[in-house]
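This report concerns only the one structure given below.
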Amino acid sequence: MTLSDRLALASGGMALATAGLAVAGVPVPPGLGLALVLGGFAAAALLVLPRYAAQPSAVALDDTMRASATARGGVAWAMALVLTAYYAATYWFPGRLDGLVRLFDPLSHALRGRASDVWFVYGTFYTLAVAAMGVRALVKYRRHPYHRARTLAVMAVQTLLAWALPALLVRLQRPELYFSYTWPLDYDFLFPSSVQMLRDNGTLGLFALVWGVLLLAVVTPVLTYFYGKRWYCAWVCGCGGLAETAGDPYRHLADPSLRAWKIERWTIYSVLVLIVATTALVWLRATTGFGGAVSDALARFYGFGIGAVFSGVVGVGFYPLLGARVWCRFGCPMAAILGIQQRFFSRFRITVNGGACISCGNCTTYCEMGIDVRHYAQRGQNIVRASCVGCGACASVCPRGVLRLENGPGARMGERVGPGAFVPEDALDVLT
Amino acid sequence: MLLVLGNGIAGATAARVARTLRPDAEVAMVSDEHPLPYSRTALMYVFMGRLRAQDTHLYDAAFWTKNRIDRIEGRATRLDVNARTLHLADGRALGYERLVLATGSTPRRLDVPGSDADGVVHLYGLAHLDDIEAALPHANGHAVVVGGGLTGVELGEMLRSRGLSVTFLVREPRLMPRTLSPDESVLAEATIRRHGVDVRTGASVVVVETANGRASGVVLDSGETIPAGLVAVAVGVEPNVALAREAGLAVRRGVVVSDTLETSVADVFAAGDCAEHASGRVDQLWYTARAMGAMAGRGLAGQPTAYAPGVPFNAAAFFDAEWQTTGHVPGDVPDGWTERRWRDDAAGQAFRLVLDGDGRARGVSSFGMRLRHAVCQDWVERGVTLGEVLAGLRRARFDPEFHRVRTDDIALALALADL
């Protein structure tokens with residue numbers, strides 16, 4: 011372990027200890043406590059930079075499979091434990107976090123003109139993670155303009171649209187609106203109660219409602235047709251933003267096996283069906299009064315089982331053990347819709363460069379969605395997969411320049427390559 | 125039984141192709157190295173901690189099972205071509221209808237005193253990674269890499285990743301003179317130096333110095349001594365031919381094969397590093413092994429096909445700089461041929477187009493940028509003119525989005541130079 015690694019651990023430990031003391035009820039001065047917590051976590055994220063900067067390779071990945079934090083070692087388990095505990099407390103025992111929440115009062119007053127609460131603390135931690143780990147990603151991928159651009163995009167969206175703007179709206183006594191999300195990821199956005207709330211909030215509310223519907227019905231299909239689902243999942247979405255920054259060190263933990271792919275296809279479309287059914291039923295109840303018990307139970311189950319447990323506790327809490335895209339891959343209904351569009355109605359694909367693949371496995375290993383990229387690359391077949399979020403990692407870690415993210419039909423960009431054109435014919439199938 | 129001996133990329137490809145062409149035949153691969161075919165080119169990434177050994181498997185175990193390609197673990201000790209039987213060390217005897225020998229090669233030893241000492245390591249298979257790991261604690265922080273080829277460069281990167289200082293000894297006056305253009309040699313050497321490797325061209329080792337049976341340094345032909353507790357040797361590979369020779373097959377440097385990769389014995393084929401074409405040609409690249417494996421697989425299935433790999437290509441990485449070739453791009457072009465060269469030292473990029481005496485494109489190479497294989501291959505296949513290459517250079521672009529586009533710079537510079 012290098013000196014900067016030790017310092018990073020010490021900083022993170024200090025932040026954690028401060029937060030722990032506050033939670034335990036020890037009177038920590040809010041200003042100092044907040045500085046220690048936020049500064050400590052930021053320092054922990056950034057102290058790895060010297061090591062990244064020293065690595066000569068195109069992407070700094072050395073020791074990923076050996077380091078305790080990234081190879082499911084003790085550090086990873088400890089982080090997963092702390093993260094899941096924090097999520098569980100935020101969702102179900104917010105009172106327990108009161109000491110920590112009070113540390114954030116000065117910041118909350120300055121920004122929102124009111125006292126802090128667990129969700130402000132959560133949003134601030136989330137934004138800090140995207141920002142600090144975003145800087146880390148910018149250094150790690152400093153030779154890769156595509157990664158720099160999408161990292162800056164998710165940092166900006168999270169900081170401005172998903173943190174500062176909602177806080178400002180709260181300060182102005184307006185509803186706390188998040189313009190970077192819509193239904194079905196924001197699962198109750200189209201529930202009757204939410205729609206009513208927006209309609210009761212004048213022009214701003216109406217704008218939010220129209221924008222949310224446009225985002226789903228117009229912006230999504232158009233942009234996905236031209237660029238693939240990456241425009242949202244790797245450039246805009248907050249879940250994707252956290253995965254691409256805080257979750258970047260864990261992308262190799264996604265399971266690339268065929269079994270995982272089969273499970274993924276069942277679970278993600280099941281969640282989509284569930285939220286469509288739930289939304290339909292709550293509207294049925296609101297308009298006809300029919301089926302109240304069922305719709306209430308479904309909405310409660312979705313909020314608890316999918317919203318809290320799946321996307322939060324498992325989705326983020328298990329980052330250091332299962333990788334950062336568990337929710338995006340196995341659960342997110344927005345990703346399911348984008349994925350169907352990408353698979354059948356999009357110009358986006360990953361092009362394989364002739365026969366240059368050496369089957370090394372870097373692409374498959376570092377695919378955060380667990381796509382077996384090598385399977386396609388080594389048979390010279392372009393990759394069109396519903397789950398691909400277009401992060402571009404496969405293209406960057408490839409040591410032979412075999413992969414390229416492309417929008418557009420083959421005729422314009424060069425010949426489309428199918429199996430057999432450059433590499434030995436291979437009719438053997440994986441998924442039948 | 126359609127049998128393949130060896131499960132490197134040549135053997136694994138032969139087995140796959142045979143299975144595709146003969147859905148009902150029994151197909152099996154024999155190997156004493158590893159139960160699952162893996163990518164040798166990925167060994168460096170395992171050593172550097174970027175991949176686990178299982179990440180380098182071409183396919184998982186279920187793939188081979190599902191496609192009914194038996195994986196037999198065992199060491200072949202004797203081949204009886206008359207009885208069509210392969211004998212294994214554990215006493216098993218495998219009868220075959222046809223056989224592919226894909227026995228690969230062995231790293232060449234350094235032919236100098238002291239080259240058997242502890243701390244002298246090679247790189248070919250997974251087991252060599254253990255050798256290098258075992259030698260690390262005794263290296264005293266300094267390693268020497270002997271041999272100026274791509275494996276030498278990989279060893280340099282591997283050892284640098286573990287914090288060793290590395291001296292890279294290249295016998296030739298410049299890096300890979302038969303393969304790289306002078307421009308590419310300059311850029312490759314600069315890249316390697318930038319990553320902290322001390323490159324010495326025109327340097328040969330005459331003695332590996334030892335202390336208590338361990339390597340302690342090397343003496344160069346100049347008389348200079350370079351202390352090093354780890355000496356990594358990458359001076360080429362020799363085909364593994366012992367089994368074939370004892371079986372009575374025609375063997376020169378490699379197992380001699382015809383155009384269809386058939387050996388001197390009917391129904392026995394050879395592919396990859398171990399094969400030598402009747403013309404004397406021995407190809408020992410990953411890509412050629414894969415192509416030969418595919419052709420041998422056709423022979424294995426009873427459909428022998430001439431090995432005609434088409435437009436040759438190669439690709440490699442010098443630390444973070446990628447290099448690609450398509451077609452014929454010898455280090456120095458033959459008499460009568462010409463070349464067009466573009467180089468940007470600050471960006472570490474180069475482009476080269478090789479034209480024959482009639483002004484038709486014969487090869488393209490690039491350094492520090494990515495070009496589209498399909499487009500380059502099309503130029504070479506059709507033998508297009510300089511003008512057509514320059515006009516279509518944009519179509520060859522394969523760098524990731526948002527990268528600085530150089531194809532227009534190159535086209536402009538080469539067009540101006542040609543006025």
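So the sequence lines, in the order shown, correspond to chains D and P.
Just so it is clear: in the first sequence, position 398 is 408 by this note's numbering, and no numbers are missing.
Just so it is clear: in the second sequence, position 14 is 138 by this note's numbering, and no numbers are missing.
Positions of the beta carbon are idealized from the N, C-alpha and C atoms, including for glycine.
- Query: Given 8 Å as the limit, is there contact between the stretch 66–82 of chain D and the stretch 169–176 of chain P, that is, 3 or more CB pairs closer than that?
  - Reply: yes
- Item | As assigned by DSSP and simplified to three states, the class of E278 of chain P | As a first step, residue 278 of chain P must be located in the second sequence, where it is residue number 154. Three-state DSSP puts E278 of chain P in a helix.
- Proximity winner among D:P185, D:A53, D:L331 and D:W129, relative to A88 of chain D (alpha-carbon distances): Here residue 88 of chain D corresponds to residue number 78 of the first sequence, with the count starting at 1. For the residues D:P185, D:A53, D:L331 and D:W129, the minimum Cα distance to A88 of chain D belongs to D:L331.
- Query: By DSSP, does W466 of chain P sit in helix, in strand, or in coil?
  - Reply: As a working note, residue 466 of chain P is residue 342 in the second sequence. Looking at W466 of chain P - three-state DSSP - the assignment turns out to be strand.
- Query: Name the DSSP bridge partner or partners of P155 of chain D?
  - Reply: Within the first sequence, the letter at position 145 stands for residue 155 of chain D. In DSSP, P155 of chain D forms no bridge with anything.
- Message: Could you check whether the Cβ of L175 of chain P sits closer than 8 Å to any Cβ belonging to chain D?
- Response: The residue given as residue 175 of chain P occupies position 51 in the second sequence. So, interface residue.
- May I have a chain-ordered list of the alpha helix (DSSP H) segments no shorter than 4 residues that lie completely inside the stretch 289–361 of chain D? 302–311, 329–332, 336–340 and 343–354
- Query: Thinking C-beta only, is T374 of chain D closer than 8 Å to R384 of chain D?
  - Reply: Against the first sequence, residue 384 of chain D aligns to sequence position 374. Against the first sequence, residue 374 of chain D aligns to sequence position 364. Yes; because the gap between Cβ atoms is below 8 Å, this pair is in contact.
- Message: Which same chain residues end up closer than 6 Å to D194 of chain P when comparing Cβ atoms and leaving out the 5 residues on each side of it in sequence?
- Response: In the second sequence, the residue the question calls residue 194 of chain P occupies position 70. Closer than 6 Å at Cβ, skipping near neighbours: A152.
- Thinking C-alpha only, which one of P:D156, P:W410, P:R317 and P:A207 is nearest D214 of chain P? Residue 214 of chain P sits at position 90 when you count from the first residue of the second sequence. It is P:D156.
- Mapping DSSP to helix, strand and coil, what is I273 of chain D? Reading the first sequence from its first residue, position 263 is the one you call residue 273 of chain D. I273 of chain D: helix per DSSP, three-state reduction.
- Query: For M89 of chain D, which of helix, strand or coil comes out of DSSP?
  - Reply: What you label residue 89 of chain D is simply residue 79 of the first sequence in a count that begins at 1. Three-state DSSP puts M89 of chain D in a helix.
- Under a CB-based cut-off of 8 Å, is E446 of chain P close to chain D? Taking the first residue of the second sequence as position 1, residue 446 of chain P is located at position 322. Chain D contact via Cβ: present.
- Task: Check whether the Cβ atoms of I368 of chain D and R310 of chain D sit closer than 8 Å, and answer yes or no.
- Result: Here the question's residue 368 of chain D lines up with position 358 in the first sequence. Here the question's residue 310 of chain D lines up with position 300 in the first sequence. No, the Cβ-Cβ distance between I368 of chain D and R310 of chain D is not below 8 Å.
- According to DSSP, which residues form a beta bridge with R324 of chain P? Locating residue 324 of chain P in the second sequence gives position 200, where the first residue counts as 1. According to DSSP, R324 of chain P bridges with P:L293.
- Item | Straight-line Cα distance separating I381 of chain D from E525 of chain P | Counting from 1 along the second sequence, the entry for residue 525 of chain P is found at position 401. Counting from 1 along the first sequence, the entry for residue 381 of chain D is found at position 371. Between E525 of chain P and I381 of chain D, the C-alpha separation is close to 21 Å.
- Task: Check whether the stretch 185–201 of chain D touches the stretch 149–166 of chain D, taking contact to mean three or more Cβ pairs, one atom from each stretch, closer than 8 Å.
- Result: no
- Message: Can you look up V268 of chain P in the DSSP assignment and give me helix, strand or coil?
- Response: Your numbering for residue 268 of chain P matches position 144 in the second sequence. Correct three-state label for V268 of chain P: strand.
- Which one or two residues does DSSP pair with W447 of chain P in a beta bridge? The residue given as residue 447 of chain P occupies position 323 in the second sequence. In DSSP, W447 of chain P forms a bridge with P:A440 and P:F491.
- State the Cα-Cα distance for the pair G420 of chain D and V362 of chain D, rounded to the nearest angstrom. Within the first sequence, the letter at position 410 stands for residue 420 of chain D. Within the first sequence, the letter at position 352 stands for residue 362 of chain D. Note on G420 of chain D: pLDDT 49, under 50, position unreliable in the model; no value is reported.
- Query: Excluding five sequence neighbours on each side, which residues of the same chain lie with their C-beta closer than 6 Å to the C-beta of F393 of chain P?
  - Reply: If you number the second sequence from 1, residue 393 of chain P lands on position 269. V224, L385, E386, A420 and G423, listed in sequence order.
- What are the residues that DSSP puts in a beta bridge with T230 of chain P? As a position in the second sequence, residue 230 of chain P is number 106, starting the count at 1. Paired residue(s): P:E362.
- Item | Proximity test, Cβ basis, 8 Å: A159 of chain D and chain P | Locating residue 159 of chain D in the first sequence gives position 149, counting from the first residue. Answer yes: the Cβ-Cβ gap between A159 of chain D and chain P drops below 8 Å somewhere.
- Message: Counting C-beta neighbours from all protein chains within 10 Å, is the total for F236 of chain D 16 or more, i.e. buried, or is it exposed?
- Response: In the first sequence, the residue the question calls residue 236 of chain D occupies position 226. Flag for F236 of chain D reads exposed.
- Taking C-beta pairs closer than 8 Å, name the residues in chain P that Y156 of chain D reaches, listed in chain order. Looking up residue 156 of chain D in the first sequence gives position 146. Per Cβ cutoff of 8 Å: P524, E525, F526 and H527.
- Message: Run through chain P and tell me which residues come within less than 7 Å of M75 of chain D, C-beta to C-beta.
- Response: Here residue 75 of chain D refers to the residue found at position 65 of the first sequence. Neighbours of M75 of chain D on chain P, chain order: G173, R174, L175 and R176.
- Item | Alpha-carbon spacing of C249 of chain D relative to S321 of chain D, whole angstroms | Translated into positions along the first sequence, residue 249 of chain D becomes position 239. Translated into positions along the first sequence, residue 321 of chain D becomes position 311. Answer to the nearest angstrom: the Cα atoms are 9 Å apart.
- Task: Just mark G434 of chain P as buried or exposed, buried being the case when its beta carbon has 16 or more other beta carbons within 10 Å.
- Result: Position 310 of the second sequence, counted from the start, is the residue given in the question as residue 434 of chain P. Label assigned to G434 of chain P: exposed.
- Touch check for the stretch 331–351 of chain D and the stretch 278–298 of chain D: three-plus C-beta pairs under 8 Å? yes
- Residues of the stretch 178–202 of chain P with Cβ closer than 8 Å to any Cβ of chain D, in chain order: D179, T180, H181, L182, Y183, D184, A186, F187 and N191
- Option in D:Y312, D:R335, D:V111 and D:S267 with minimal Cα separation from A29 of chain D: As a position in the first sequence, residue 29 of chain D is number 19, starting the count at 1. It is D:V111 whose Cα lies nearest to the Cα of A29 of chain D.
- Message: Relative to the C-alpha of G123 of chain D, which candidate in D:A79, D:A177, D:V286 and D:T137 has its C-alpha closest?
- Response: Within the first sequence, residue 123 of chain D is the residue found at index 113, counting from 1. G123 of chain D has its Cα closest to that of D:A177, out of D:A79, D:A177, D:V286 and D:T137.
- Query: Hey, is T375 of chain D's beta-carbon within less than 8 Å of any beta-carbon in chain P?
  - Reply: Stepping through the first sequence from its first residue, residue 375 of chain D is reached at position 365. Closer than 8 Å: yes.
- Is the CB-CB distance between A253 of chain D and C338 of chain D below 8 Å? Here residue 253 of chain D refers to the residue found at position 243 of the first sequence. Here residue 338 of chain D refers to the residue found at position 328 of the first sequence. For A253 of chain D and C338 of chain D, yes; Cβs fall inside 8 Å.
- Message: Whole angstroms are fine: how far does the CA of F199 of chain D sit from the CA of F355 of chain D?
- Response: As a position in the first sequence, residue 355 of chain D is number 345, starting the count at 1. As a position in the first sequence, residue 199 of chain D is number 189, starting the count at 1. Cα to Cα, the separation comes out at about 26 Å.
- Out of P:G417, P:A515 and P:P363, which has the shortest C-alpha to C-alpha gap to T230 of chain P? If you number the second sequence from 1, residue 230 of chain P lands on position 106. With distances taken between Cα atoms, T230 of chain P lies closest to P:P363.
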